[in-house]
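Trainee: Take this structure, written in structure tokens, and hold onto it; I'll ask about it next.
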Amino acid sequence: MAKPVKLTAGSLPLKACLGSGGQHCGSLPCRMTTMPTQRSRASRPGVNRDELYHVAEASGIHTSLEGFLNDTRSLLELHKASKVSISEDESILDTIGSWSGCLLKEHLRSGALQRTPLCREVEHALECPFYTTLDRLDHRRNIENFDVTGHHMLKSSYLSCYNNNEILALGVRDFSASQFTYQEELRHLDSWVKESRLDQLPFARQKLAYFYLSAAGTIFTPELSDARILWAKNGVLTTIVDDFFDVGGSKEELENLVTLVEMWDEHHKIEFYSEHVEIVFSAIYTSVNELGAKASLLQDRDVTKHLVEIWLDLLRSMMTEVEWRMTKYVPTAEEYITNAVLTFALGPIVLPALYFVGPKIPESVVEDPEYNELFRLMSTCGRLLNDVQTYEREYNEGKVNSVSLLVLQSRGSMSIAEARREMQKPIDTCRRDLLGLVLRKEGAVPTPCKELFWKMCKVCYYFYSQGDAFSSPEEKAREVDAVINLPLQLKGSNASMPVLWATASMMCRDTKFHNCEASSQPMAATTNKSYKLVEDCTSKESVVPRPCQELFRKMCKVRYYSQTDGFSSPVKAIEVDVFSEPLQLNPGKSSRSLSLSGGVTESRCDHSMCSRNT
Numbered sequence: 001m002a003k004p005v006k007l008t009a010g011s012l013p014l015k016a017c018l019g020s021g022g023q024h025c026g027s028l029p030c031r032m033t034t035m036p037t038q039r040s041r042a043s044r045p046g047v048n049r050d051e052l053y054h055v056a057e058a059s060g061i062h063t064s065l066e067g068f069l070n071d072t073r074s075l076l077e078l079h080k081a082s083k084v085s086i087s088e089d090e091s092i093l094d095t096i097g098s099w100s101g102c103l104l105k106e107h108l109r110s111g112a113l114q115r116t117p118l119c120r121e122v123e124h125a126l127e128c129p130f131y132t133t134l135d136r137l138d139h140r141r142n143i144e145n146f147d148v149t150g151h152h153m154l155k156s157s158y159l160s161c162y163n164n165n166e167i168l169a170l171g172v173r174d175f176s177a178s179q180f181t182y183q184e185e186l187r188h189l190d191s192w193v194k195e196s197r198l199d200q201l202p203f204a205r206q207k208l209a210y211f212y213l214s215a216a217g218t219i220f221t222p223e224l225s226d227a228r229i230l231w232a233k234n235g236v237l238t239t240i241v242d243d244f245f246d247v248g249g250s251k252e253e254l255e256n257l258v259t260l261v262e263m264w265d266e267h268h269k270i271e272f273y274s275e276h277v278e279i280v281f282s283a284i285y286t287s288v289n290e291l292g293a294k295a296s297l298l299q300d301r302d303v304t305k306h307l308v309e310i311w312l313d314l315l316r317s318m319m320t321e322v323e324w325r326m327t328k329y330v331p332t333a334e335e336y337i338t339n340a341v342l343t344f345a346l347g348p349i350v351l352p353a354l355y356f357v358g359p360k361i362p363e364s365v366v367e368d369p370e371y372n373e374l375f376r377l378m379s380t381c382g383r384l385l386n387d388v389q390t391y392e393r394e395y396n397e398g399k400v401n402s403v404s405l406l407v408l409q410s411r412g413s414m415s416i417a418e419a420r421r422e423m424q425k426p427i428d429t430c431r432r433d434l435l436g437l438v439l440r441k442e443g444a445v446p447t448p449c450k451e452l453f454w455k456m457c458k459v460c461y462y463f464y465s466q467g468d469a470f471s472s473p474e475e476k477a478r479e480v481d482a483v484i485n486l487p488l489q490l491k492g493s494n495a496s497m498p499v500l501w502a503t504a505s506m507m508c509r510d511t512k513f514h515n516c517e518a519s520s521q522p523m524a525a526t527t528n529k530s531y532k533l534v535e536d537c538t539s540k541e542s543v544v545p546r547p548c549q550e551l552f553r554k555m556c557k558v559r560y561y562s563q564t565d566g567f568s569s570p571v572k573a574i575e576v577d578v579f580s581e582p583l584q585l586n587p588g589k590s591s592r593s594l595s596l597s598g599g600v601t602e603s604r605c606d607h608s609m610c611s612r613n614t
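Taken in order, the sequence shown gives residues 1 to 614; the numbers are from UniProt numbering.
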């Protein structure tokens, strides 16, 4: 029996697999590992706090740590580890994060890093802590910035059968294959929106691309397709329902919608108040029943009733908010947050998705306090992040949120800016408590399900940490393309032979798929994307010899040429005659003609370099 491979943070292949940023690129072997500093910190939180204490203490003695402080990579990893905080008692991590961040900024200002991959990694880490980014965007960044020649080899005995190029090629192939899957899923979702007539609702924000980005960016593995589709569908539906309750519906329409969901299978006993109500309810009803049937098969029990209850909780809490607005009632902070945890509408997105990530979830888990606490912390964190960034818009709509309530409670002694800064404390507390609960090994909720709560928390930070990106039609459009559509941009030493082979293979696969009548994606889009990817690889700085580069390029041109199923098309057969017919040259030109059947005819070229008989 082969000796099992040992993976460590210090081994070269794992370092390569993690990429220049210390994050895995998303391929199958990479998903077996994780960022070394964060994994160590997360798995032994109490121990690491003590281990890092002496580092923070020593940070004030720069002279004794001069060599260490000049090591940008070490400082960067330390800075990243300091962000994995799970308790307010870990103020020492804040201290480490503060001074390591200051030193990293000094390194950037000094110009010592120039425009290297490490420089870009430092800039990204300072601007975006790990809990504010989507996994798949990190994977892309690590693949594109990964330096196959620059590494620290600490334990060369591990994974010696692999090299950096092979692991990078695997990451490229995995990412490109995933994009193919994502594109198909997004087309399916786009068709669903049209079939459900959701695009005909004039009051509704169309946020399908953003919700699918949040799904593909976090639940990225191929086997979780159902979870991604559910996540995106219910995200679209909750946004439309939110808009319906905020601006699109009358009180009678809203009450009618709530009643219809309460009656569910017996909804035919009452009439739809309006066409808008019919469209919204029908979309919810059809989707919940369809996804509930799939989830029930996976869970070996009927869970559709639970999915309906999740939607009822949301609609009733939204109705409460409408009544507050109409009666101009100002709730207490406790009343507000209790209701707002539900109206933030993460329930229909996250809770049903738990049934699709693998583990069996008995009813006892759904009723367990840990399950409810995970949901409360995630939703509270998201709601407060949203409140801080959307205060002005909600104020203009006549709605209260946590920021305006804090100002009211202060009786004018606190400004809006001060209230927004004050809200950062409970946001940080919720994030830390949620991460601590997710990392805790014991508990009723399975780990893959816990991680889904954390993934949604990261999505909330991604959209709301630096503004209201969710409401902007263009803010995250580039990231949507980066995860779903745009080919990887590989340059220089990253354009190795295994990487070229992986990219060319993906291009050929895409072309073969599109020759099937079942394909609905425009052929040129996929072929051009893959062809451009290989073009980017074949740069002058590539380690692959030019003749080998040309071979990959020519293979792609052949597949592009045959994109309309040219190998079985009679049209292409006619073009074979070009190899047997003599060249047709303009009269009067001094040149030669070649024929495969007649051999070489004698002629003379006027050019001095060709003054011999041929």
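Note that the Cβ used here is the ideal one computed from N, Cα and C, for glycine as well. Just so you know, these numbers come straight off a predicted model, no measurement behind them.
#1: Once the 5 residues before and after Thr343 are set aside, which same chain residues still bring their CB inside 6 Å of it?
#2: Could you check the C-alpha separation between Leu168 and Trp454 for me, to the nearest Å?
#3: Tell me the residue span of the alpha helix (DSSP H) that contains Pro348.
#4: For Leu377 versus Asp433, is the C-beta spacing smaller than 8 Å?
#5: Does DSSP classify Glu335 as helix, strand or coil?
#6: Using CA coordinates, which residue listed in Phe281, Pro129, Ala340 is at the minimum distance from Glu266?
#7: Are the segment 367 to 376 and the segment 322 to 331 touching by the rule of at least three beta carbon pairs closer than 8 Å?
#8: Going along the chain, which residues of its own chain have a beta-carbon closer than 7 Å to the beta-carbon of Arg136, five neighbours each way excluded?
#9: Between which two residues does the alpha helix (DSSP H) harbouring Trp192 extend?
#10: Starting from the C-beta of Tyr391, find all residues in its chain whose C-beta is less than 8 Å away, skip the five residues before and the five after it, and write them out in chain order.
#11: Taking the straight line between their C-alpha atoms, what separation do you get for Thr238 and Met263?
#12: Is the CB-CB distance between Val366 and Pro448 below 8 Å?
#13: Measuring only the C-alpha atoms, how far is Lys15 from Glu123?
#14: Does DSSP classify Val480 as helix, strand or coil?
#15: Let me check understanding here. Comparing Cα to Cα, which of Ser74, His188, Asp89, Gly398 lies closest to Gly436?
#16: How big is the Cα-Cα spacing for Gly292 and Lys269?
#17: Look at Ile229 and Glu185 and say whether their C-beta atoms are less than 8 Å apart.
#18: Does DSSP classify Arg316 as helix, strand or coil?
#19: Distance check for Lys360 and Gln409, CA to CA, integer angstroms please.
#20: What first and last residue would you give for the alpha helix (DSSP H) that runs through Glu266?
#21: Thinking C-beta only, is Thr286 closer than 8 Å to Ser296?
#22: So Gln114 is in the alpha helix (DSSP H); what residue range does that whole segment cover?
#23: So the alpha helix (DSSP H) Ile143 belongs to, where does it begin and stop?
#24: Please report the distance separating the alpha-carbon of Gly111 from that of Val277.
#25: Can you tell me where the alpha helix (DSSP H) holding Gly292 begins and where it ends?
#26: Please report the distance separating the alpha-carbon of Phe203 from that of Leu254.
#27: Is it buried or exposed for Asp174, if we count other Cβ within 10 angstroms and need 16 for buried?
#28: Between Thr72, Thr95, Trp192, Ala333, which lies nearest to Thr116 when the distance is taken from Cα to Cα?
#29: How big is the Cα-Cα spacing for Glu479 and Arg140?
#30: What did DSSP end up calling Gln409 once you bin it into helix, strand or coil?
#31: How many angstroms separate the CA atom of Ser465 from the CA atom of Val341?
#32: Can you tell me the Cα-Cα spacing of Met430 and Gln179, whole angstroms?
#33: If you follow the alpha helix (DSSP H) that Asp89 is part of, which residue opens it and which one closes it?
#34: For Ile219, report the span of its alpha helix (DSSP H) as first-last.
Mentor: According to the structure shown:
#1: For Thr343, where only same-chain residues beyond five positions count, the Cβ hits under 6 Å are Ser317, Met318, Glu321.
#2: Annotation: Leu168 to Trp454 spans about 28 Å, alpha carbon to alpha carbon.
#3: For Pro348, the enclosing alpha helix (DSSP H) covers residues 347 to 353.
#4: Cβ atoms of Leu377 and Asp433: closer than 8 Å.
#5: Assignment of Glu335 by DSSP, reduced to helix, strand and coil, places it in the helix class.
#6: Of the residues Phe281, Pro129, Ala340, the one whose Cα lies closest to the Cα of Glu266 is Phe281.
#7: Not touching, per the Cβ criterion.
#8: For Arg136, same chain residues with a beta-carbon under 7 Å away, outside a window of 5 residues either side, are Gly26, Ala216, Gly217, Phe220, Val483 in chain order.
#9: Here the alpha helix (DSSP H) through Trp192 covers 164 to 195.
#10: The answer, listed in chain order, is Asn401, Val403, Ser404, Ile416, Arg420.
#11: Cα to Cα, Thr238 sits roughly 19 Å from Met263.
#12: No, Cβ-Cβ distance for Val366 and Pro448 is not below 8 Å.
#13: The predicted position of Lys15 is uncertain, since its pLDDT is 30 and thus under 50; no value can be drawn from it.
#14: Here Val480 sits in helix by DSSP.
#15: If we check each option's Cα against that of Gly436, Asp89 comes out closest.
#16: Cα to Cα, the separation comes out at about 23 Å.
#17: When the beta-carbon positions are compared, Ile229 and Glu185 come within less than 8 Å of each other.
#18: Three-state result, Arg316: helix.
#19: Each residue's alpha carbon lies about 45 Å from the other.
#20: Taken as a continuous stretch (DSSP letters only), Glu266 belongs to no alpha helix (DSSP H), as it is neither H nor E.
#21: Note that the C-beta distance between Ser296 and Thr286 is not below 8 Å.
#22: Counting along the chain, Gln114 falls outside any alpha helix (DSSP H), and DSSP gives it neither H nor E.
#23: For Ile143, the uninterrupted alpha helix (DSSP H) run begins and ends at 135 to 145, by DSSP.
#24: Going from the Cα of Gly111 to the Cα of Val277 covers about 60 Å.
#25: Counting along the chain, the alpha helix (DSSP H) containing Gly292 begins and ends at 275 to 299.
#26: A direct Cα-to-Cα measurement between Phe203 and Leu254 gives close to 14 Å.
#27: So Asp174 counts as buried.
#28: Closest option to Thr116, judged by alpha-carbon separation, among Thr72, Thr95, Trp192, Ala333: Thr72.
#29: The alpha-carbon atoms of Glu479 and Arg140 are separated by roughly 11 Å.
#30: Helix.
#31: Going by the C-alpha atoms only, they are around 18 Å apart.
#32: Correcting the residue identity first, residue 430 is Cys in this sequence and not Met. Rounded to the nearest angstrom, the two C-alpha atoms are 33 Å apart.
#33: Unbroken run through Asp89: none, as it is neither H nor E.
#34: Per DSSP, Ile219 lies in no alpha helix (DSSP H) segment and is marked neither H nor E.
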